[in-house]
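Novice: According to this note's numbering, the sequence shown is numbered sequentially starting from 62. Ideal Cβ placement from N, Cα and C applies to all residues, glycine included. Computed from a predicted structure; not experimentally measured. One structure, as structure tokens, below. Some questions next.
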Amino acid sequence: MRRINRTRRALLATICTALAAALIGCGTSTPHTDTGATDARDGQAPIRVAYGDAPDTYGLLHLPEGSGPHPVVVMVHGGGWLEEHDLSYFEPLSRSLVDDGVAVWSIEYRRVDGAGGWPLTLADADDATEALGTVVQDASGNTLDLDRVHLAGHSAGGHLAAWIAGRHTLPPDSPGHQPTIRPRSATIMAGVLDLSLAATDGHDVFVRNLLGGMPDEQPERYRIASPIEHLPVRLPVTALHGSADQTVDPAQSLRYVTAATAAGDPAVLRTLEGVGHGDFGNVTSSAWAAAKAVILDHVHARGAE
Numbered sequence: 062m063r064r065i066n067r068t069r070r071a072l073l074a075t076i077c078t079a080l081a082a083a084l085i086g087c088g089t090s091t092p093h094t095d096t097g098a099t100d101a102r103d104g105q106a107p108i109r110v111a112y113g114d115a116p117d118t119y120g121l122l123h124l125p126e127g128s129g130p131h132p133v134v135v136m137v138h139g140g141g142w143l144e145e146h147d148l149s150y151f152e153p154l155s156r157s158l159v160d161d162g163v164a165v166w167s168i169e170y171r172r173v174d175g176a177g178g179w180p181l182t183l184a185d186a187d188d189a190t191e192a193l194g195t196v197v198q199d200a201s202g203n204t205l206d207l208d209r210v211h212l213a214g215h216s217a218g219g220h221l222a223a224w225i226a227g228r229h230t231l232p233p234d235s236p237g238h239q240p241t242i243r244p245r246s247a248t249i250m251a252g253v254l255d256l257s258l259a260a261t262d263g264h265d266v267f268v269r270n271l272l273g274g275m276p277d278e279q280p281e282r283y284r285i286a287s288p289i290e291h292l293p294v295r296l297p298v299t300a301l302h303g304s305a306d307q308t309v310d311p312a313q314s315l316r317y318v319t320a321a322t323a324a325g326d327p328a329v330l331r332t333l334e335g336v337g338h339g340d341f342g343n344v345t346s347s348a349w350a351a352a353k354a355v356i357l358d359h360v361h362a363r364g365a366e
């Protein structure tokens, strides 16, 4: 592949960053946002819990009323894995799940153009999930049911949520190998699930920046980071994608679900007509209503209790 010279690469990065802010639906936000806003249901503010030593290795724990044990949804925000997009746009979504009696662990992670990228972004997603068994459970007052952990993510966060769902299949020495927290389901909203396809046919510069090159340059990184490479995961996965998505090709969800079902996984694709990429980040949208219903169906499914 022809290499882009330094000037053109800088220009391309500037253009793509601007497009991400416009299209991904996250908006431009200040990193390490002070999320002191109270919970819409009962006035309880989320609890900020650090799961690592770096500034971006923290999450916000939302707890419902009652003594528990509460099922937990790990929420993973999107934004092209870019430093300029943080978890703040996921806060209204997290609070809406708390209204239905679910604890939410909304995670931040180190990101591209900041301290993240390969392999730290993936390692943080793993560490944040594993922290449910330690510092997060402690912060909850031991009210979390760690046998009922579920995943939900949007866009780049959909990639990370699907990756978390399959990390137990990874080879030794991979980030996330041998997890102790085993989720029961995953709900993926407009996720990037086949990273090689995104980088080649999709010309996705965000994937290339995350993994440090094209698939032929970093084949092992693509193999470890791409959720479609780690099937079957042996848990229910529902992929939701808008037919009007101009940011992440709906083929990403279709290819993943097709491969997952062929491998024996109980995977389901839901295509939402007329829905765009950023709609999933709007708590009042029909896209989020559909995704929330799926998350709660997973949480309350027979066998999840």
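Can you check which of these residues, Ala251, Glu145, His123, is closest to Gln198 by C-alpha distance?
Specialist: Of the listed residues, the one whose Cα sits closest to Gln198 is His123.
Novice: Compare the beta carbon distance of Val133 and Arg209 with 9 angstroms and say whether it is the shorter of the two.
Specialist: In this structure, Arg209 lies closer than 9 angstroms to Val133 by Cβ.
Novice: Tell me the residue span of the beta strand (DSSP E) that contains Arg331.
Specialist: Where Arg331 is concerned, the enclosing beta strand (DSSP E) stretches over 328–333.
Novice: Please state if the CB of Pro297 and the CB of Asp326 are separated by a distance shorter than 9 angstroms.
Specialist: Result yes, Cβ atoms of Asp326 and Pro297 sit closer than 9 angstroms.
Novice: Please report how far the alpha carbon of Ala186 lies from the alpha carbon of Glu334, in whole angstroms.
Specialist: C-alpha separation (whole angstroms): 31 angstroms.
Novice: Taking all protein chains shown into account, do 16 or more other C-beta atoms lie within 10 angstroms of the C-beta of Gln313, making it buried, or fewer, making it exposed?
Specialist: Looking at its Cβ environment, which holds 16 or more other Cβ atoms inside 10 Å, Gln313 is buried.
Novice: For Thr78, which three-state DSSP category applies?
Specialist: For Thr78, the predicted model reports a pLDDT of 35, less than 50, meaning its position is unreliable; a value from the coordinates is still stated below. Thr78: helix per DSSP, three-state reduction.
Novice: Using a Cβ distance threshold of 8 angstroms, determine whether the segment 172–184 contacts the segment 129–149, with at least three qualifying pairs required.
Specialist: Verdict: yes, contact present.
Novice: With 16 as the cutoff for other CB atoms within 10 Å, does His138 come out buried or exposed?
Specialist: Buried: at least 16 other Cβ atoms inside 10 Å.
Novice: Give the secondary structure of Trp142 by DSSP, where H, G and I count as helix, E and B as strand, and everything else as coil.
Specialist: Three-state result, Trp142: coil.
Novice: Taking the C-alpha atoms as reference points, what is the distance between Asp174 and Pro125?
Specialist: Each residue's Cα considered, the two are about 35 angstroms apart.
Novice: Which residues bound the beta strand (DSSP E) around Ile168?
Specialist: Here the beta strand (DSSP E) through Ile168 covers 164–168.
Novice: Between which residues of its own chain and Gly104 is the CB-CB distance below 6 angstroms, once the five residues before and five after are set aside?
Specialist: Bear in mind that the predicted position of Gly104 carries a pLDDT of just 44, short of 50, making it too unreliable to give a figure here.
Novice: Report yes if the C-beta of Leu205 is less than 8 angstroms from at least one heavy atom of the ligand MG; otherwise report no.
Specialist: Annotation note on the ligand MG: not contained in the displayed structure, which lists no ligands.
Novice: Where do the ends of the alpha helix (DSSP H) carrying Pro49 lie?
Specialist: The first residue shown for the chain is 62 and the last is 366, placing residue 49 beyond what the model contains.
Novice: Is the segment 300–318 touching the segment 273–284 in the sense that three or more CB pairs, one from each, lie closer than 8 angstroms?
Specialist: Contact fails: fewer than three Cβ-Cβ distances are below 8 angstroms.
Novice: Give the C-beta separation of Ala320 and Thr248 to the nearest angstrom, bearing in mind that I take them to be a contact with Cβ-Cβ under 8 angstroms.
Specialist: Rounded, the Cβ-Cβ distance is 18 angstroms, inconsistent with contact.
Novice: Quick check on the burial criterion: 16 or more other C-beta atoms within 10 angstroms. Buried or exposed for Thr190?
Specialist: Per the 10 Å Cβ criterion, buried.
Novice: Suppose you measure from the CA of Val195 to the CA of Ala354; what does that come to, to the nearest Å?
Specialist: Before going on, a small fix: residue 195 reads as Thr here, not Val. Each residue's Cα considered, the two are about 29 angstroms apart.
Novice: CB-CB under 6 angstroms to His238, same chain, minus the five flanking residues each way: which ones, in chain order?
Specialist: Same-chain partners within the cutoff: Leu231.
Novice: DSSP three-state call for Gly86: helix, strand or coil?
Specialist: Any reading at Gly86 needs caution, since the residue's pLDDT is 37, under 50, leaving its predicted position unreliable; the model's value is listed next. Coil, per DSSP.
Novice: Report buried or exposed for Gly339, applying the criterion of at least 16 other Cβ atoms within 10 angstroms of its Cβ.
Specialist: It counts as buried.
Novice: In the segment 197–235, which residue ranges form an unbroken alpha helix (DSSP H) of at least 4 residues, counting only runs that do not cross its ends?
Specialist: Correct list: 217–227.
Novice: Which value, in whole angstroms, describes the spacing of the CA atoms of Arg269 and Val329?
Specialist: One C-alpha to the other measures close to 28 angstroms.
Novice: If you reduce the DSSP assignment to three classes, tell me which class Arg109 lands in.
Specialist: Residue state, collapsed to three classes: strand.
Novice: Just list the residues that DSSP pairs Tyr283 with in beta bridges.
Specialist: Beta-bridge pairing links Tyr283 to no other residue.
Novice: What does a CB cutoff of less than 7 angstroms around Ala200 pick up in its chain, not counting 5 residues either side in sequence?
Specialist: Taken in chain order, the residues that qualify are Ile108, Val110, Leu122.
Novice: Name, in chain order, the residues that DSSP records as bridge partners for Ser246.
Specialist: According to DSSP, which records beta bridges pairwise, Ser246 is partnered with His211.
Novice: So, at 6 angstroms on beta carbons, what are the nonlocal neighbours of Ser155 in its own chain, with the 5 sequence-adjacent residues on each side left out?
Specialist: Excluding residues within five positions, the ones whose Cβ falls inside 6 angstroms are His123, Met136, Val165, Ser167.
Novice: Candidates Ala192, Gly218, Ser257: which alpha carbon is nearest Asp114's?
Specialist: Among Ala192, Gly218, Ser257, the Cα nearest to that of Asp114 belongs to Ala192.
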